[in-house]
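Trainee: After the structure tokens below, expect a handful of questions from me.
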Amino acid sequence: MKLTNRNAFHDYTILERFEAGIKLTGPEVKSVKDNRVSLTGAFVRVVGSEIYLINAQIQPYSFARVEGYDPRRTRKLLLGKREIVSLKGKLEGGGYTLIPLSFYTKHGLVKVEVGLGCGKKQFEKRELLKKRAQKREIERTYRGKVV
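Spelled out as structure tokens, the structure:
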């Protein structure tokens, strides 16, 4: 089970990736394993010496009580102290942001892949789309032909 944030790769240039654990309740874990997660509009913020996932939506588990459950609540990410300090230093340098890239399970634990990235400009996005279209066209013309 792996859920990726495809918009993150379109809107940002990812420079570094980090694997973090996430603090969830029992029903949230079951919802994540059922792939009922949306990372649209989610971001990561460093507050003090802790790191939080903000605005990620985890749908309520259908067999659990849902009274007072907020699907977009702020969740704490679990990273090593050195990683948090290095991330904080890079973010203070300016121009960078932390984005959740994917949710996945590893040995029964739920993990979040967090990327350090900088935003792409509109012309960079257009150039990337043009390059992909050209590559696809070249592959189409030479498909099945021996060169």
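For reference, each letter of the sequence shown is one residue, going 3 to 149 in my numbering.
Ideal Cβ positions, reconstructed from N, Cα and C, are used throughout, including at glycine.
Going by CA-CA distance only, name the one from R77, S51 and K127 that's closest to K113.
Mentor: If we check each option's Cα against that of K113, R77 comes out closest.
Trainee: Can you tell me the Cβ-Cβ gap for Y14 and K122, rounded? I've got them flagged as a contact below 8 angstroms.
Mentor: That belief holds up - the Cβ atoms of Y14 and K122 are roughly 6 angstroms apart, short of 8 angstroms.
Trainee: For the ligand NAP, is there a heavy atom less than 6 angstroms away from the beta-carbon of K137?
Mentor: Among the components modelled here there is no ligand, and therefore nothing to report on the ligand NAP.
Trainee: Extract the residue ranges of the beta strand (DSSP E) inside the stretch 59 to 124, only unbroken runs of 3 or more that lie entirely within it.
Mentor: Listed in chain order, the complete beta strand (DSSP E) runs (minimum 3 residues) inside the stretch 59 to 124 are 77 to 80, 99 to 108 and 111 to 121.
Trainee: Report the rounded CA-to-CA distance for E30 versus K147, giving the unit in angstroms.
Mentor: Their Cα atoms are separated by approximately 51 angstroms.
Trainee: Using 8 angstroms as the cut-off, can you tell me whether the stretch 65 to 73 makes contact with the stretch 86 to 93, which would need three or more C-beta pairs spanning the two stretches below that distance?
Mentor: With a cut-off of 8 angstroms, the stretch 86 to 93 and the stretch 65 to 73 do not count as touching, because too few Cβ pairs lie within range.
Trainee: Can you round the beta-carbon distance between G117 and L103 to whole angstroms, since I take them to be within the 8 angstroms contact cut?
Mentor: Yes, G117 and L103 are in contact; Cβ-Cβ is about 5 angstroms, under 8 angstroms.
Trainee: Which same chain residues end up closer than 6 angstroms to S40 when comparing Cβ atoms and leaving out the 5 residues on each side of it in sequence?
Mentor: Taken in chain order, the residues that qualify are Q59.
Trainee: Of all the options G110, L81, V48 and N57, which has the alpha carbon lying nearest to the alpha carbon of L100?
Mentor: Of the candidates G110, L81, V48 and N57, the one whose C-alpha sits nearest the C-alpha of L100 is V48.
Trainee: Which residue wins for smallest C-alpha separation from G97, given the options A44, C120 and N7?
Mentor: Answer by Cα proximity: C120.
Trainee: Distance check for P73 and I56, CA to CA, integer angstroms please.
Mentor: Answer to the nearest angstrom: the Cα atoms are 11 angstroms apart.
Trainee: Per DSSP, what kind of secondary structure is L41 in: helix, strand or coil?
Mentor: Here L41 sits in coil by DSSP.
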